[in-house]
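Residue numbers (our numbering): 43 to 610.
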Amino acid sequence: MEHTVTITFEGRTIVARHGESVAAALTAAGVTVFRRTRSGAKRGMFCGMGVCQDCLVRIDGKANQRACMVKVDAPMRIERETDDGSLESTNGASLPPVTSADVPVRFPDVLVLGAGPGGLGAAIAARACGASVTVLDERAGPGGQYYKQPAVHGAGLPPPDAQAEGGRALIAAARAAGAIIESGHLAWGAFAPRTIVATGPDGTRRYEPRALVVATGAYERGWPVPGWTLPGVITTGAAQTLWRTARRLPGRRVLIAGNGPLNLQLAAELLEGGGEIAAIVEAARRPGTATLGAALRMALLAPALVRDGLRYHLRRLRAGVPMLHGAVLASVERTDRGLLASVKTLADGTQRQFSVDAVCLGYGFEPANEILRALDCAHDFDRARGHLVTQRDADGATTVAGVFALGDCTGLGGAQAARAEGVVVGHAAARHAGHAMPAPRQAVEHAARAALGRQRAFQAALWHLFASGMPTPLGQLTRPDTLICRCEEVSLGRIEAAIAAGATSAGAVKQCTRAGMGRCQGRYCGPIVDALTAHHNTTGRDEFSGFAPRLPVKPVAIADLVRLAGKP
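What follows is the structure, encoded as structure tokens:
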């Protein structure tokens with residue numbers, strides 16, 4: 043029998059599934075508005091992975107809780123959060139200042155940040171060499187974005203698919219190897235040369251590893267068009283998290299817009315769950331003879347992944363879901379019937395509208411490289427993809443001694459590549475920590491390097507297939523009132539006015555407008571502000587442009603630091 047928990051939201055009783063997120067429970071109950079901004083604008087879940095900070099609610103009187111990250115495990119009283127600019131009293135004004143030296147410390151041989159495919163693979167490899175390994179992950183459980191694990195169970199719920207089962211096996215292997223996996227731990231401090239400070243359920247700790255492996259993944263890019271901040275407009279990843287972890291739909295009728303295969307996979311999964319897909323809006327041009335070679339290379343390099351893609355297409359065709367190539371989401375409006383999404387064809391500018399309950403955006407990813415940048419690891423700027431790429435050698439070593447990096451946080455490469463790379467990097471990190479690689483592991487590493495080469499070639503072909511005709515967000519910015527910074531509600535017009543007044547860098551725009559100073563710390567607006575500044579000043583984006591890294595790399599509760607200083 044399904045295990046349920048009764049919660050209340052603004053006095054309304056809701057029956058939730060034990061283990062699902064608060065965001066999933068509220069969404070299933072038809073609640074999309076979680077908080078109000080300082081201007082009074084309504085906001086709901088957007089990223090679904092704790093990055094955007096837009097789904098803040100008050101739980102049992104505790105303010106600023108991320109609904110997408112808090113699990114329903116007991117009756118809760120939930121209220122909408124209102125941002126009035128005030129701070130709650132912590133009764134800590136007389137306490138001494140806190141430094142990283144005041145934090146209890148641990149000394150693992152290898153510390154891994156991120157429990158996705160790459161992080162878990164690195165942990166298993168390092169343990170096989172005899173190194174002590176601790177894995178820190180912000181989510182409630184390991185698996186990362188790719189291996190999302192079911193959080194709910196009960197009769198009538200669809201069973202886990204092969205992807206989830208593969209993740210379950212990898213998690214079990216990491217634990218069996220002896221890796222310590224600490225979920226629910228927010229790594230917010232990074233200090234030279236490789237000190238990490240993290241806060242978890244049992245308090246704040248400092249980690250001083252011999253080798254640090256950063257495998258923090260990526261998050262979806264923003265698509266700043268009119269209406270993209272409305273409740274009900276969420277990322278593709280957020281919608282997939284709702285389904286794969288909680289078996290919840292983001293809405294009954296959904297429009298999916300973006301660029302890449304994840305959007306097609308989401309459509310197939312939502313259809314299996316009984317949802318209705320109004321359309322899949324793909325920015326890339328329809329595949330043709332020019333992309334035939336890339337498609338053939340993909341089939342040769344990773345036939346299983348290609349079979350999955352064909353299966354998703356077949357599910358879409360059977361359901362009669364249209365796929366609109368060479369088109370993008372142009373705007374979203376709130377109506378009495380839900381959301382009205384306007385889709386623009388890139389070739390001729392014609393538009394059509396869809397009335398839906400939810401809009402899912404998946405326009406690519408940004409590497410979550412904040413820790414690496416805070417540690418002063420060198421990066422290059424990838425002009426083709428518009429993001430930073432971490433400088434590393436063949437073993438994943440960065441320019442900072444003892445700091446290794448892998449997966450999407452270094453420059454996007456996909457989950458399968460990250461898993462293979464984890465083996466290579468885990469061995470290298472263990473060697474740096476003073477542990478020799480056993481002879482039997484040489485064959486394992488050889489196989490991993492071969493798999494990594496295939497996956498990188500597959501990703502290059504996939505990029506060629508889906509990048510054709512992909513526009514930049516910059517080309518869609520035509521209305522001055524379009525919000526660029528979600529957190530501080532800074533519009534395109536204000537940013538352009540600051541540039542016209544003499545702001546020649548993203549940092550200068552930040553000082554003039556507060557863009558990037560909100561809770562998400564510029565993760566969504568930063569690349570857009572940098573691109574706008576470079577465009578208007580006819581300068582190029584590079585590894586030194588954009589917002590400078592700042593600590594904490596993610597918001598940490600003042601109350602946690604006050605409790606540390608008070609040592610209750």
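Each residue gets a CB set at the ideal place from its N, CA and C atoms; glycine is no exception.
Rounded to the nearest angstrom, the gap between the Cα atoms of Leu-272 and Arg-85 is 6 Å. For the stretch 396 to 471, the continuous alpha helix (DSSP H) assignments of 4+ residues that do not extend past its boundaries occur at 412 to 416, in sequence order. At a Cβ-Cβ threshold of 7 Å, Cys-94 and Ala-281 do not count as neighbours.
When secondary structure is reduced to three states using DSSP, Cys-529 falls in the coil class, being assigned neither helix nor strand. Counting only runs of 4+ residues, the alpha helix (DSSP H) found wholly inside the stretch 199 to 235 occupies 204 to 218, in chain order. For Lys-113, there is no enclosing alpha helix (DSSP H), as DSSP gives it neither H nor E. The stretch 99 to 111 makes contact with the stretch 61 to 80: 3 or more CB pairs, one atom from each, lie closer than 8 Å.
With 16 or more other CB atoms across the displayed protein chains lying within 10 angstroms of its CB, Gly-279 is buried. Here DSSP, grouped into helix, strand and coil, assigns Glu-250 to coil. Note on the stretch 484 to 570: whole alpha helix (DSSP H) runs with a minimum of 4 residues are 534 to 542, 548 to 555, in chain order. Take Gly-264, set aside five residues on each side of it, and the residues of its chain with a beta-carbon closer than 6 Å to its own are Tyr-566, in chain order. Annotated three-state conformation of Asn-305 is helix, per DSSP.
Annotated as proximal: Ala-299 and Leu-371, with beta-carbon spacing under 7 Å.
Thr-580 carries a coil assignment under DSSP once its states are collapsed to helix, strand and coil.
Distance between Ser-225 and Asp-244, taken at the CA atoms: about 11 Å. In the structure shown, Gly-160 adopts helical secondary structure according to DSSP, grouped into three states. Beta-bridge pairing by DSSP links His-45 to no other residue.
Around the beta carbon of Thr-69, a 10 Å sphere encloses 16 or more other beta carbons of the protein chains shown; the residue is thus reported as buried. Comparing alpha-carbon positions, the option among Arg-461, Ala-548, Leu-356, Leu-494 lying closest to Leu-212 turns out to be Arg-461. Residue nearest to Val-194 within the set Val-255, Ala-361, Pro-184, Trp-285 is Trp-285 (criterion: CA-CA distance). Just measuring C-alpha positions, the residue of Ala-490, Pro-251, Gln-393 sitting nearest Ala-475 is Pro-251. From the listed residues Glu-318, Ser-384, Arg-122, the smallest Cα separation to Ala-361 is found for Glu-318.
Counting only runs that start and end inside the stretch 343 to 393, the alpha helix (DSSP H) elements of at least 4 residues fall at 345 to 360. With respect to Val-323, Gln-518 sits apart: the two C-beta atoms are not nearer than 7 Å. Assigned with DSSP and collapsed to three states, Gln-107 falls in strand.
Cβ-Cβ separation between Ala-257 and Leu-417: approximately 14 Å, too far for a contact (criterion under 8 Å). Thr-331 and Ala-337 have their alpha carbons spaced roughly 10 Å apart. Around Pro-146, the same chain offers Arg-247 as residues with beta carbons nearer than 6 Å, after the five sequence neighbours per side are excluded. Ala-341 and Ala-493 have their C-alpha atoms roughly 15 Å apart.
A straight line joining the alpha-carbon of Ser-397 with that of Glu-531 spans about 26 Å.
Residue environment analysis places Leu-356 among the exposed positions, since fewer than 16 neighbouring C-beta atoms fall within 10 angstroms of its C-beta. Counting only residues of its own chain and dropping the five nearest sequence neighbours on each side, Pro-202 has a CB closer than 6 Å to the CB of Pro-192.
Taking Thr-46 as the centre and dropping the five residues before and after it, the same chain places the C-beta of Val-57, Ala-58, Arg-59, His-60 closer than 8 Å to its C-beta, in chain order. For Asn-301, the number of other beta carbons within 10 angstroms of its own is at least 16, and it is reported as buried.
His-506 places its beta carbon 7 Å or farther from that of Glu-487. Distances from the alpha-carbon of Ser-587 to those of Gly-335, Ala-67, Ala-548, Leu-178 put Ala-548 closest.
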